[in-house]
Amino acid sequence: MTLSDQLPILAVVVPLLASPLCVLIGNRHAAWLIALLAAVGAFAASAGLLLAQLQGAGPVSYALGDWAPPIGIEFRVDHLSALVLLIVSAMAVWVLAYARRSVEAEVAQDKQTGLYAALLLVHAGLAGIVLTGDAFNAFVFLEISSLASYALISMGRDRRALTAAFQYLVMGTLGATFILIGIGFLYMMTGTLNMADLAERLPALSDTRTIQAGFAFISVGIALKLAMFPLHLWLPNAYTYAPSVVSAFLAATATKVAVYLMLRFVFSVFGHDFAIAHMHLDYLLLPLAAIAVLLLSLVAIFQYDLKRMLAYSSVAQVGYMLMGLAIATPLGVTASIVHLFNHALMKGALFLALGAVMWRVGSTHIGQLSGIGQRMPWTMGAFLLGGLSLIGVPLTAGFISKWYLVSAAIAQGWWWLILVIVISSLLAVIYIWRVVETAWFTPSPNGTAGRAEAPLSLLLPTWTLALANLYFGIDTSLSVGMAEAAVGGLFGGAP
Amino acid sequence: MSQPDLLALALLLPFAGALLIALLGRQPRLRDALVLIVPLALLATVVQLLPAVLGGAQPSLTLLQVMPGLTLSFSIEPLGMLFAAVAALLWPAASLYSIGYLKANREKHQTRFHACFAISIGGAVGVAFAANLLTLFISYEVLTLATYPLVAHKADTKALRGARIYLGVLLSTSIGLLLPAILWTWAAAGTLDFRPGGILAGTLDNGLLGILLFLYAYGIGKAALMPLHRWLPAAMVAPTPVSALLHAVAVVKAGVFSLLKVLVYVFGIDLLRELPASTWLFALAAASILIASTIALRQDNLKRRLAYSTVSQLSYVLLGAMILAPLSLLGAALHIAAHAFGKITLFFAAGAIYTAAHKTEVSQLGGIGYRMPWTMTAFSIGALSMIGLPPLAGFLSKWYLLGGAWQSEHYAAMLVITISTLLNAAYFVPIIHAAWFKPADAHSDHGEAPPSIVAALLFTALLTLLLCFSYEIPLQLAQAIPGGSP
Amino acid sequence: MELPGLFNYWVVVVLMMAGFYVVIEQGNLVKKLIGLGLFQASVFIFYISIGKVADGAPPILGDAAELYSNPLPHVLILTAIVVGVATTAVGLSLIVRIHEQYGSVEEDDIHRADVQADEDEA
């Protein structure tokens, strides 16, 4: 029994155990350090798992407590889970490296140990969702991460963070309970909770009303969690009023993991034949995704608070991922997975840059940011890079996602979808360019001109993430390679 | 140095130069020296590449694979060499001019200006040397984005509004029309490489190919085909060196060059002959020429008149290609060079007039030839070249355009070219006439423009003259384009 | 479709819809939370009720029996109940903080206070 065998569980257990330590130690600086070290440990574990997948190890199964599946809970690592786990743990490390000064400025001192503890819990929960091969276990980890995120969001400075967290709590619990109901229906008919086992037993039962209802409940529940239009109402407030670090982390990970869960249930558990060909989930998802992409990009243009603008933009981007999923061909799902990866990079960089602005200026309201490009050139440079990636300028990661998405649409011959993607990209140009104009082409208010950049501890993580956008726009072997391998698994059969 | 290394150097120089310029922002003298040295280095590199390409070689360089089956690769073919040579020749002149112009007008943000200028040229070189549609698209977008800060330079309300229109039209066309066209080509042909004879033969039926053709024609917004030409006049809010760059060297030429590349190497002249849509495109180009010239007649603002003249001249290139005769394709390629030299001279002159006399309208230019003799001589040379009089560059390209039209008995084309030549005369000759033969107006106590501006002016005017006399190299390059030899 | 045989499902449906309605309709945050709890309770009852095997003995080892009811749903629901308790706890602590900041736990009052604050800022 070597360390590498234990990697799947370590990725979850390390942050989980470190979390109460943060609170028990009592010192907020020590808490930060513990959190960072735990995140690094988890990242190392996830990197190890990714490497194993890259080397063609095939799906890895880890039985918790040595109880054999399908009765025991198992963790399954395949290409898709390894990729999403990488995103989650990498973002945790980046955000925590960034966190110290940002949290110091935005969160009350007595709450900071709690923040780090909750952040680690969210991390552990998300990692658990990604790795688990058991449906109920997924629900449990989902709730762990959700509860911790409600607490995280409430720590924002503005009192509206509290109501935002409460609204998210109500909607999130409804969604999770829907998932629970769905899992209950599946369990009732098949007698198993293991995803691989479910995948084998469900085809025979696909005509029963119970299974169909279960599918509906699970889909709606996950849709609520991934902020699919029109179930996205919790997201703008939650991302706007949360502390910058929390917005960055959640924007880059939470909805992605929910998309992962949707992919897992739709393709691995229920299978393409049932979910798409029989139940026509695509008929529901595709129009809603198209509307989301257009409507929410439009709404983003009229927002004065940049964090709120990015929040609406996030919902629109999730729409792209759902579009790829709904196209439901290997190319479409590849596009969805590639965008899942790239969007984490984009939004991570954008929110971290805004966090630096918040640190220096105290606000992310566009009215207060005239000329900030001269005062904080590096920060806004990173913002620009993330923004260009969001628009889909070639040589950035966003371009790759758009390329695959449009290719998938062309392959189906759906010209209207191409039109939707194109128009929404142009809408993204408008809201990003508003920021560019204000930052560089309007003069600073009197008395504030002169350099006042953010400190290095904030700039370094932001810039490395921004540069990652550039890197993965040029060398797509990791993102596209893993996505294509994942699609092979999703369409080929059981996880 | 081997050919691929020279190619890599040509691509690297503008971007490395931009970085160095940005870093040397606090030392204006060093920075300005660099602003002159880097273009000269690029010129030297491009000149060294010339002999091999003239001899038929096609140096190429593949940088990396971006997505499965799609690489970022460069390769030099005759048309690209022509464009790159034009850009490399004119960049030093534009740099010299812009240093003088920015100083004389006391513009701010000079470092940003020069750095973005360099990146734009890098984008243009990327477009010139692109070996496939993906690389072309990437360089094309780099060009759009790098020129935005140049257009918005003055940062007042007018400049921002103009810059918004500029970016809006160019990005809408490239993301909305060009990218789907490229993806469609990828889906249909399985490759995005530029190949002699094209890659689309036998892939889609003629109706669909016609739609694809129009997607490209309007998707390449930098070619300013009407009615998607609005960005050009809007971009006149930029400082004149930028207008000169946009109208002669980088942006418009990149547009019209990309369109030619697509017509010759993606569709292929033979395939175009079979498409009914080709006739429609011809008609649109013809309409664009005539309408733009007519609008130019009514503009009093000198830069706007020149802008509409450019829209008209760009469509000459498209017209030449769509006549689909070898000689006219030759003329189209030569017109890229001829128009570049002539227009840059005209814009330089307009900027010199603004700098020295603070005049922007044609009606104010009475008698200015005597106060600014060098400037107006150069202007006259540029204008006469646009009209197409020998012994100037414009004559050479019109000769071949008409020759091709005559050979293929394309009387419509000949008519269009003739009428537009008359229109060109109608809007240029009055300016020349006013400059030399009208009395000076009251506020004329100014002198010539600063020396660096005048030097650049004269250089480009000289090129305009020279092209007609020593035309062998451009002609040889143009003849090597597939479909371009008699 | 006999009513008596599906009695447990009817109970679940009624509770679920009642809870859902309370969550949506109520403006008072505490009552919303109660509705949420009701909603979750219905799911618990659902799971447990499907675990019952006809003529099965309670799943306790030791008593000799041939047929046991399914113990797995019980385990699952214990977990879900813990989740529910945690949710309620987080929700209630949020409500306490909201009350400190706004002076009220009625949604309408909070919304009005926010709109007022926005107008004052502008």
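Respectively, the protein sequence lines represent chains A, B and C.
Just so it is clear: in the first sequence, position 202 is 202 by my numbering, and no numbers are missing.
Whatever position you read off the second sequence (first residue = 1), add 495 for my numbering.
Whatever position you read off the third sequence (first residue = 1), add 981 for my numbering.
Even glycine gets a Cβ: it sits at the ideal position worked out from N, Cα and C.
Buried versus exposed call for residue i [16 or more other C-beta atoms within 10 Å across all chains shown]
| i | result |
| --- | --- |
| B/I784 | buried |
| A/D78 | buried |
| C/K1033 | exposed |
| A/A485 | buried |
| B/D527 | buried |
| A/T253 | buried |
| C/E1047 | exposed |
| A/D197 | buried |
| C/P1052 | exposed |
| A/L56 | First, the amino acid is wrong: residue 56 of chain A is Gly here, not Leu. The residue is exposed, with fewer than 16 neighbouring Cβ atoms inside 10 Å. |
| C/L987 | exposed |
| B/G979 | Its pLDDT being 49, under 50, B/G979 is placed unreliably by the model, and the measurement read from it follows with that caveat. Its Cβ being crowded by 16 or more others within 10 Å, B/G979 is buried. |
| A/W29 | Note that residue 29 of chain A corresponds to His in the displayed sequence, not to Trp. Looking at its Cβ environment, which holds fewer than 16 other Cβ atoms inside 10 Å, A/H29 is exposed. |
Residue i vs residue j beta-carbon contact at 8 Å
| i | j | result |
| --- | --- | --- |
| B/K756 | B/F709 | no |
| B/Q800 | B/V737 | Correcting the residue type first, residue 800 of chain B is Arg in the shown sequence and not Gln. Cβ distance not < 8 Å, so B/R800 and B/V737 don't count as in contact. |
| B/I670 | B/V761 | no |
| C/L1014 | C/G1072 | yes |
| B/G705 | B/L770 | yes |
| A/T240 | A/D305 | yes |
| A/A290 | A/L417 | yes |
| A/L310 | A/F229 | no |
| B/A580 | B/V541 | yes |
| B/A712 | B/T698 | no |
| B/T735 | B/F842 | yes |
| B/L502 | B/P554 | yes |
| B/L754 | B/G716 | no |
Chain F within 8 Å of residue i, Cβ atoms only
| i | result |
| --- | --- |
| C/F988 | The structure shown contains no chain F; its protein chains are A, B and C. |
Partners in chain C for residue i, counting only beta-carbon separations shorter than 9 Å
| i | result |
| --- | --- |
| A/G184 | V1024, F1027, Y1028, I1031, P1054 and L1057 |
Interface partners of residue i on chain A, CB under 8 Å
| i | result |
| --- | --- |
| B/W679 | I410 |
| C/R925 | A query on residue 925 of chain C cannot be resolved here, the shown segment of chain C reaching from 982 to 1103 and no further. |
| C/K1012 | The contacting residues do not exist; C/K1012 stays about 12 Å from chain A at best. |
| B/L544 | Within 8 Å Cβ-Cβ: nothing; B/L544 doesn't reach chain A, min ~24 Å. |
| C/Q1097 | Within chain A, no residue comes near C/Q1097; the closest Cβ sits about 12 Å away, beyond 8 Å. |
Partners in chain A for residue i, counting only beta-carbon separations shorter than 7 Å
| i | result |
| --- | --- |
| B/I633 | P394 and L395 |
| C/A1061 | L180 |
Residue i at chain A interface by Cβ criterion, 8 Å
| i | result |
| --- | --- |
| B/G512 | no |
| C/A999 | no |
| B/I670 | yes |
| B/I976 | no |
| C/L1075 | yes |
| C/G1072 | yes |
| C/Q1082 | yes |
| B/L518 | no |
Min CB distance residue i to chain B below 8 Å
| i | result |
| --- | --- |
| A/F274 | no |
| A/E74 | no |
| A/E104 | no |
Test: residue i CB closer than 8 Å to a CB of chain C
| i | result |
| --- | --- |
| A/M188 | yes |
| A/T163 | yes |
| A/A151 | yes |
| A/E143 | yes |
Closer than 8 Å at the beta carbon, the chain B residues around residue i
| i | result |
| --- | --- |
| A/W433 | R659 and L662 |
Beta-carbon neighbours of residue i, restricted to chain A and to distances below 9 Å
| i | result |
| --- | --- |
| B/M562 | I400, W403, Y404, T476 and V480 |
Amino acids of chain B, ordered along the chain, whose beta-carbon sits closer than 7 Å to that of residue i
| i | result |
| --- | --- |
| A/V487 | Near A/V487 there are no residues of chain B at all, since even the closest Cβ is about 13 Å away, more than 7 Å. |
| A/F441 | A647, A650 and L655 |
Listed by chain order, chain C residues near residue i by CB distance under 7 Å
| i | result |
| --- | --- |
| A/V170 | V1004, K1013 and L1017 |
Residue ranges of each beta strand (DSSP E) run of no fewer than 3 residues wholly in the segment 175–224 of chain A, ordered along the chain? Scanning the segment 175–224 of chain A from its first residue to its last, no whole beta strand (DSSP E) run of 3-plus residues comes out.
Any chance you could list the alpha helix (DSSP H) runs of at least 4 consecutive residues sitting entirely within the segment 997–1035 of chain C, in chain order? List check, alpha helix (DSSP H) in window: 1010–1032.
Which full runs of the alpha helix (DSSP H) of 4+ residues lie inside the segment 290–348 of chain A, going along the chain? 306–327, all fully within the segment 290–348 of chain A.
Please list the segments of the alpha helix (DSSP H) lying wholly inside the segment 517–568 of chain B, counting only runs of 4 or more residues, in order along the chain. With a minimum length of 4 residues, the continuous alpha helix (DSSP H) runs that stay inside the segment 517–568 of chain B are 523–549.
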